[in-house]
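K.L.:
One line per chain: the protein sequences are C and L, in this order.
Here the first sequence is numbered in the numbering used here, starting from 1 and rising by one per residue.
Here the second sequence is numbered in the numbering used here, starting from 1 and rising by one per residue.
Here it is, the structure in full.
Protein chains: 2
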Amino acid sequence: MVDILHRIGAESATVDDAYAALTTIDGLAGWWTEDTTAVADDVIRFRFTLPQGEDGFDMKVLETEPGKLVHWEVVKGPEEWLGTHIRFELAQEGDWAIVMFRHEGWKEPVPFMHHCSTKWATFLVSLKELLETGKGSPNPNDLLISDWH
Amino acid sequence: MVDILHRIGAESATVDDAYAALTTIDGLAGWWTEDTTAVADDVIRFRFTLPQGEDGFDMKVLETEPGKLVHWEVVKGPEEWLGTHIRFELAQEGDWAIVMFRHEGWKEPVPFMHHCSTKWATFLVSLKELLETGKGSPNPNDLLISDWH
């Protein structure tokens, strides 16, 4: 099992702001993908416009602790993502809202995992920008990092 | 042991361009840190200007295969980095120069590793920009991702 790990901080922001950006449709649509919808009480659907067609994930919300933790399980998506878990751990460090990120449970460190690791970093920078400036870069206006988008 | 993994691609670029950016002082200074120097035949020194003072790494070049591979061992730097290995594997996929990146051998998934994972992603995007536009964002003009820089 191998994990993707990241850490970002948003200046002049609070963990409550970060928590809202991770638990509301408007918040999530502001940094990850504009095409974010609630499909059940505890399932959020994320769809992405890519050159190769539409793609995306459904996340079951397993745990939420205001200002502290958001924990999802991938219940629909590419085979490599199915059953993996995504955790956002929040901490206030002075003026900074810190997000510790883990996408855990990958079976193998395949090339697609390398791609997703880099892509997560750019989306977390988008989250930071949303918290600091009010405007992130969600799909379809996300940063192109390679031929895989 | 845990690894940091990334994948980026530079459009209209060749693996030879990427190899030059990973094996020459000018190339490395164009995307990672401007303060890059050769300190021995097979050791490259990277220093970074940070709010908390100067920091950096010395890398021993273990393997180089033109257009294919660059492999370093960290011989000086923060304790968490010492003895870890960094690999850049290059592949031409049509018009794209693909870089598969691995920073392997971390003992524990500490918060600093989370930070370095995100930071590597932003520097690899800087490498992509250097290859595509002739201009990257090396330290001290790198992207600030948190209170840790």
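For every residue, glycine included, the Cβ atom is placed at its ideal position computed from N, Cα and C.
(1) Between the alpha carbons of glutamate 104 of chain C and threonine 84 of chain C, how many angstroms are there, rounded?
(2) Give the straight-line distance between the Cα atoms of proline 51 of chain L and proline 140 of chain L, rounded to the nearest whole angstrom.
(3) Which residue marks the beginning of the beta strand (DSSP E) containing tryptophan 72 of chain C, and which one marks its end?
(4) Out of C:Asp3, C:Ile4, C:Ala21, state which residue places its alpha-carbon closest to the alpha-carbon of alanine 97 of chain C.
(5) What does DSSP give as the partner residues of lysine 60 of chain C in its beta bridges?
(6) Is the beta carbon of methionine 100 of chain L closer than 8 Å to that of valine 2 of chain L?
(7) Leaving out five residues on either side along the sequence, give the residues of the same chain with a beta carbon under 6 Å from the beta carbon of aspartate 35 of chain C.
(8) Does the stretch 66 to 80 of chain L come close enough to the stretch 116 to 128 of chain C to have 3 or more Cβ pairs within less than 8 Å?
(9) Could you tell me which chain L residues have their CB closer than 7 Å to the CB of arginine 7 of chain C, listed as they occur along the chain?
(10) Cα separation between tryptophan 32 of chain C and tryptophan 72 of chain L?
(11) For lysine 135 of chain C, decide whether its Cβ has a neighbour in chain L, counting only Cβ atoms nearer than 8 Å.
(12) With a cut-off of 8 Å, do at least 3 Cβ pairs link the stretch 57 to 65 of chain C to the stretch 6 to 23 of chain L?
(13) Return the bridge partner residues of alanine 21 of chain L from the DSSP annotation.
(14) State yes or no: is the beta carbon of threonine 122 of chain C nearer than 8 Å to at least one beta carbon in chain L?
(15) Please specify which runs of the beta strand (DSSP E), each continuous and at least 3 residues long, are wholly inside the stretch 71 to 145 of chain L, giving them in chain order.
(16) Going by beta carbon distance, what residues of the same chain come within less than 6 Å of lysine 68 of chain C, once the five residues before and after it are set aside?
(17) On a CA-only basis, which of L:Glu93, L:Ile86, L:Leu82 is nearest lysine 107 of chain L? Give me that one, please.
(18) Which chain L residues are close to tryptophan 81 of chain C, counting only those with a beta carbon under 8 Å from its beta carbon?
(19) Within the same chain, show all residues whose beta-carbon is closer than 6 Å to that of leucine 62 of chain C, passing over the 5 residues directly before and after it, in chain order.
(20) Give a yes or no on whether the minimum CB-CB distance between glutamate 93 of chain C and chain L is below 8 Å.
(21) Leaving aside the five residues before and after proline 138 of chain C along the sequence, list all residues of the same chain whose C-beta is less than 7 Å from its C-beta, in chain order.
(22) So the candidates are L:Thr49, L:Gly53, L:Thr64; which of them puts its Cα closest to the Cα of valine 43 of chain L?
(23) I need the boundaries of the beta strand (DSSP E) containing histidine 149 of chain L, first residue and last residue.
(24) List the residues of chain C whose Cβ lies closer than 8 Å to the Cβ of tryptophan 96 of chain L, in chain order.
(25) Have a look at L:Lys135, L:Thr122, L:Ile145 and flag the residue whose alpha-carbon is nearest the alpha-carbon of leucine 131 of chain C.
(26) When you check each C-beta in the stretch 11 to 42 of chain L against every C-beta of chain C, which residues fall closer than 7 Å?
(27) Against methionine 59 of chain L, what residues of chain C qualify as contacts under a CB-to-CB distance less than 7 Å, listed in chain order?
(28) Going along the chain, which residues of its own chain have a beta-carbon closer than 6 Å to the beta-carbon of glutamine 92 of chain L, five neighbours each way excluded?
(29) Contact criterion: CB-CB distance below 8 Å. Does aspartate 142 of chain C meet it with respect to chain L?
P.N.:
Short version:
(1) 6 Å
(2) 10 Å
(3) 69 to 76
(4) C:Ala21
(5) Partner(s): C:Val43, C:Glu73.
(6) no
(7) Arg47
(8) No, because fewer than three Cβ pairs between the stretch 66 to 80 of chain L and the stretch 116 to 128 of chain C fall closer than 8 Å, the two stretches do not touch.
(9) Those within 7 Å of arginine 7 of chain C in chain L are Pro111, His114, His115, Thr118, Ser146.
(10) Going by C-alpha positions, tryptophan 32 of chain C is about 34 Å away from tryptophan 72 of chain L.
(11) no
(12) No: fewer than three Cβ pairs fall under 8 Å.
(13) DSSP, once it has assigned bridges, lists no residue as partnering alanine 21 of chain L.
(14) Interface annotation, threonine 122 of chain C: in contact with chain L, CB-CB separation under 8 Å.
(15) 85 to 93, 96 to 106
(16) Leu90
(17) L:Leu82
(18) What tryptophan 81 of chain C touches in chain L: nothing, since even the nearest Cβ is about 15 Å away.
(19) Around leucine 62 of chain C: His71, Glu73.
(20) Using a Cβ-Cβ cut-off of 8 Å, glutamate 93 of chain C counts as an interface residue toward chain L, since at least one Cβ of chain L sits closer than that to its own.
(21) Here the set comprises Ala29, Gly30, Trp31, Trp32, Thr33, Glu34, Ser126.
(22) L:Thr64
(23) Annotation for histidine 149 of chain L: no beta strand (DSSP E) segment contains it, and DSSP assigns it neither H nor E.
(24) Ser146, Asp147
(25) L:Ile145
(26) none
(27) Simply none; closest approach about 21 Å.
(28) Val15
(29) Not closer than 8 Å to any Cβ of chain L, the Cβ of aspartate 142 of chain C fails to qualify, so no.
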